[in-house]
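For reference, the structure is listed below as structure tokens.
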């Protein structure tokens, strides 16, 4: 009785959200805004998690004054501070680049939301991915739009007309070129094993074994390249407070700074989602669990979120456990270590893709 009813309801949703109705695009737009709101809340959680987790790692006090002993309202206080701060603009900045950079960084994060499935609802053995849209080359789309945010950092550094910001801009480009190549090769390696560039197909291909087990070298390369792309310690040479004041963000204040700062955390959350999708089986759970009762169909979503939080905690731990390395060491690691290893991993996964 429940299965035909659910098929009817889901068919109706597909009809409403598809192109068959006049209101389809408007409804999809509303769904997209809801997804944006959810990911913004999750990014706020990531900021809070980093502060508390960093305090625990370094045996110091984390947020504890606003919102009780755990500082739950600290982010609201930060938002009020940023919104009420004076928006200062230096006289000699390149205005289009300087003003557009935070928007580009934030927009890159929002563009990624289109293709990432945040788990799935499973009903009687059928997966319904929780994604705004699905298409055949979704994983390549994510890699492409994620690079837009890195270009935004270069725009911010170059357009600020500040020597510290300009140094940060060139450091950012050197890092980007050196790590985007092994990152892309690793993603292609996963696509070869899954025989698809569709994110949903990649998750389905890991129903029996995770790719982190099949290609552990690829996972290590991907994580190092991802942390470098996120610009987090030990790869935060584009900020480097001890050397460059605040790097690309030196000439920003108020919500212009807030947009760039928040975009970094959204990229971190989305990077953790992509890591879970590519190497940790996404939302896959044994069918015997999710088919016991319709309410258990939500377990894949909870399982996906749980793994994303674990990856976030690992990324945060790396930041507060390692020192910053020099820019020459960054480029050496990217070109002389990660690139050859990525080619080796590509050869290995090609063999796996052929015989599996």
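In the numbering used here, the protein residues as written are 43 to 398.
Built from N, CA and C at the ideal position, the CB exists for glycine as well.
Computed from a prediction, not measured in an experiment: that's the story for all the values here.
Exposure of residue i, with buried meaning 16 or more beta-carbon neighbours within 10 Å
{"i": "residue 116", "result": "buried"}
{"i": "residue 354", "result": "buried"}
{"i": "residue 278", "result": "buried"}
{"i": "residue 217", "result": "buried"}
{"i": "residue 15", "result": "The requested residue 15 does not occur in the structure, where the chain is confined to residues 43 to 398."}
{"i": "residue 400", "result": "This structure leaves residue 400 out entirely; the chain is present only between 43 and 398."}
{"i": "residue 309", "result": "buried"}
{"i": "residue 125", "result": "exposed"}
{"i": "residue 75", "result": "exposed"}
{"i": "residue 101", "result": "exposed"}
{"i": "residue 200", "result": "buried"}
{"i": "residue 72", "result": "exposed"}
{"i": "residue 391", "result": "buried"}
{"i": "residue 245", "result": "buried"}
{"i": "residue 358", "result": "buried"}
{"i": "residue 184", "result": "buried"}
{"i": "residue 169", "result": "buried"}
{"i": "residue 130", "result": "exposed"}
{"i": "residue 137", "result": "exposed"}
{"i": "residue 293", "result": "buried"}
{"i": "residue 346", "result": "buried"}
Residues bridged to residue i (per DSSP)
{"i": "residue 105", "result": "In DSSP, residue 105 forms no bridge with anything."}
C-beta contact flag for residue i and residue j at 7 Å
{"i": "residue 366", "j": "residue 258", "result": "no"}
{"i": "residue 150", "j": "residue 191", "result": "yes"}
{"i": "residue 85", "j": "residue 311", "result": "yes"}
{"i": "residue 395", "j": "residue 229", "result": "no"}
{"i": "residue 81", "j": "residue 155", "result": "yes"}
{"i": "residue 305", "j": "residue 78", "result": "no"}
{"i": "residue 380", "j": "residue 263", "result": "yes"}
{"i": "residue 180", "j": "residue 162", "result": "no"}
{"i": "residue 210", "j": "residue 104", "result": "no"}
{"i": "residue 286", "j": "residue 206", "result": "yes"}
{"i": "residue 214", "j": "residue 280", "result": "yes"}
{"i": "residue 341", "j": "residue 364", "result": "no"}
{"i": "residue 321", "j": "residue 242", "result": "no"}
{"i": "residue 307", "j": "residue 89", "result": "yes"}
{"i": "residue 96", "j": "residue 362", "result": "yes"}
{"i": "residue 324", "j": "residue 252", "result": "no"}
{"i": "residue 295", "j": "residue 127", "result": "yes"}
heavy atom of the ligand PLP below 6 Å from residue i C-beta
{"i": "residue 345", "result": "For the structure depicted, the ligand PLP is absent and the ligand set is empty, with no information on it obtainable."}
**Prompt:** Given 8 Å as the limit, is there contact between the stretch 296 to 307 and the stretch 381 to 395, that is, 3 or more CB pairs closer than that?
**Reply:** no
**Request:** Run through the stretch 352 to 381 for me and flag every whole alpha helix (DSSP H) of 4 or more residues, listed as ranges in chain order.
**Result:** 369 to 374
**Prompt:** Is it a yes or a no for the stretch 342 to 350 touching the stretch 304 to 321, going by three-plus beta-carbon pairs under 8 Å?
**Reply:** yes
**Message:** If contact is defined by three or more beta carbon pairs under 8 Å, each pair taking one atom from either stretch, is the stretch 137 to 152 in contact with the stretch 224 to 233?
**Reply:** no
**Message:** Threshold first: 4 residues or longer. Then list the alpha helix (DSSP H) segments lying entirely within the stretch 175 to 253, N to C.
**Reply:** 180 to 201, 205 to 236 and 241 to 246
**Continuous alpha helix (DSSP H) assignments of at least 4 residues falling wholly in the stretch 262 to 309** = 283 to 286
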